[in-house]
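Residue numbering for the sequence shown is 983 to 1508, as defined by the working numbering.
For every residue, glycine included, the Cβ atom is placed at its ideal position computed from N, Cα and C.
Step one of this worksheet: look at the structure below.
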Amino acid sequence: MTRMSVLRTETAQVDFGNKGPHQGVKVFRDYDRDLTIDCDVCVVGSGPGGAVVAKELAEAGRDVVLLEEGPPFGARDFELEAGSSMQNVLREGGTRATRGNMFIPTMQANALGGGSLINSAICARAPDWVWDKWNHETGVELDAATMAPHFERVEKFLFVEPTPAEVQGPRNMKFKQGCDALGISSEPTWRNVKGCKGSGECFTGCRNGAKKSTDVSYVPAAIRAGARVYTSVRAEHVVVDGRRVVEITGHMVEPGTGRETHGVRVRPRVVVLAAGCMQTPVILQKSGALGRCEWVGRRLLLHPGLAVMALYPDPIDPWEGATQGYHSLHYLREGMKLEVLWSPPAVLAARLPGLGRAYQEHLKTYDRMAPFDVIVAADRSHGTVTSKRNGWDPDLKFNFHDDDVRLIQRGLGILSDISWASGAVAILPGIHGIPEVLGSKMESEVLRTMKLRGSDTITAANHAFGSTRMSKRREDGVVRDDGRAHDLDNLYISDTGIFASSPAVNPMLTVMALADRVAQKIAAQG
């Protein structure tokens, strides 16, 4: 294909302190007029699903264009102060949330690298039985043996390994201690890092350059293979002629302000939407593409999570150690994953109870705290993603099913047991209607016996999927198990929206393995 561009020849370099992995990435200041491009493949979104496809197809010899709405962030751009970091990196300034029978915040990134930039680098394969469940529910033909080579390729490229002991820190070891005492199986968390210093800053961006988010791994590899990467470019519409997408249109968007400037037109042979399960449906709905498919945006699934704060008698310096370095899959078949957590000071402080002097007293115990959390598969709880008349942020609705609330309540009880078994002297439950501080194991039994409502909790959910799900028949979903849309011959989706249901664990590694498979299927077409 002929490459067409009206950009200045200058390219942006972000000094990451590790040889500038963003070299060659186009940024907002590079644009001074409308942009028109012809290419073989246009990938929309540079997070885990999109970056993998871009790299693999570029290495397969395709002329690849990667569009990313957000800007790149280097190690020097990250701030430990959570407010600034969230405002800069997260969609809607970190205030995005679902509405329904309760309020659930969800952190979704708007940056080169997508969610991989601000997650805890957790890499977990969907268990074998998840594929069986997907096959039973939607008729797709995937299994652990089919997916194993794709997982292996991603894991090798990202240096995925268990969190080593030297960066666990006392907070993670307290969780292990409690699990061991109770006979609950636990293990170090596998993560995509190299040279982690255990700074506990994953959520605000890795200032050490150790986390192998896609902006410093797959995207640079795609560029080396010839891909062209344009940041601050929002894809808005896919233009369809018959059964084919013929054009993608959008605008350049100024970072920070969201101001639209010049127009963008991309004319690809193949389109891969990987904007995330909350943005891809908006693009399709605004475009009227797949208009006959009732599943677009219809079945949003989340992993609601809730934490208890264990309080120890002596300082444990909880800010030391990997953000999430240990977990338990002991109850995974029941739908629960238990894990250690850490948050920036401002976020953690917002979680503490009390006002005035009482609140100050809680803050004084900051160096003795360890948050442990439970996330639940919540397959009985569904939501929707709907485009708004104005703007490009989605309208998110989600109802937390009573059965899933009871499951998360069971997880809270187990976390309290782990806390006491690891030497805690008190627990801060963060639940409306019960004491702010539980000072004994007997007192904490209220976590099991109370009639908990979802609205009583401070629940969040950063894992989202299912809004453009895969299926064997077009009547049951949006795409096939290779990511190709049922109703369009050259449109693929490669983000967590294609999940048939919950992956049971953190979704990043699974969507990257599926993206690797999507890329191979596209490449095989010649």
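- Scanning the region 1277–1329 from its first residue to its last, the whole beta strand (DSSP E) runs of 3-plus residues come out as 1287–1293, 1308–1310, 1318–1322.
- Considered as a whole, the region 1180–1263 harbours 1200–1206 as its complete alpha helix (DSSP H) runs of no fewer than 4 residues, in chain order.
- Collapsing the DSSP output to three states places K1008 in a strand.
- Burial of A1406 is indicated by the presence of at least 16 other C-beta atoms within 10 angstroms of its C-beta.
- K1176 has its alpha-carbon roughly 30 Å from the corresponding atom of F1010.
- Assignment of G1365 by DSSP, reduced to helix, strand and coil, places it in the strand class.
- Taking the C-beta atoms as reference points, W1402 is found nearer than 9 Å to G1160.
- For R1173, the pairing in a beta bridge is given by DSSP as I1104, E1143.
- Of the residues D1469, G1065, R1078, V1228, the one whose Cα lies closest to the Cα of E1276 is D1469.
- Apart from the 5 residues on each side of it in sequence, R1249 sits with its Cβ closer than 6 Å to the Cβ of D1020, E1229 in its chain, given in chain order.
- Proximity to R1153 across P1297, Q1391, D1223 peaks at P1297, based on C-alpha coordinates.
- Comparing alpha carbon positions, the residue from G1307, S1102, E1218, Y1348 closest to V1025 is E1218.
- Between D1458 and the set S1483, P1286, G1245, the nearest pair of CA atoms involves S1483.
- Between A1289 and P1353 the beta-carbon gap is near 5 Å, inside 8 Å, which marks them as a contact.
- In the three-state DSSP reduction, P1087 falls in the strand class (E or B).
- In the three-state reduction of the DSSP assignment, L1410 falls in the strand class.
- A Cβ-Cβ distance of about 6 Å is found for the pair P1300 and M1351, placing them in contact under the 8 Å criterion.
- Taking 9 Å as the cut-off, the beta carbon of L1266 is found closer than this to the beta carbon of V1220.
- Contact annotation: I1104 and N1488 have beta-carbon atoms nearer than 9 Å.
- When rounded, the separation of the alpha-carbon atoms in P1417 and N1381 is 26 Å.
- Contact between G1180 and V1149 holds: CB atoms are separated by about 3 Å, below the 8 Å threshold.
- Looking at the DSSP output, T1018 bridges to R1247.
- One Cα belongs to V1358, the other to P1087, and the distance between them is close to 15 Å.
- Within 10 angstroms of the beta-carbon of T1305 lie 16 or more other beta-carbons, which makes it buried.
- Of the other Cβ atoms in all chains shown, 16 or more fall within 10 Å of the Cβ of K1037; this residue is therefore buried.
- M1424 counts as exposed, since fewer than 16 other beta carbons sit within 10 angstroms of its beta carbon.
- Counting the other CB atoms within 10 Å of its CB gives R1107 a total of 16 or more, which places it among the buried residues.
- With 16 or more neighbouring CB atoms inside 10 Å of its own CB, L1048 falls in the buried class.
- R1456 and L1334 have their C-alpha atoms roughly 47 Å apart.
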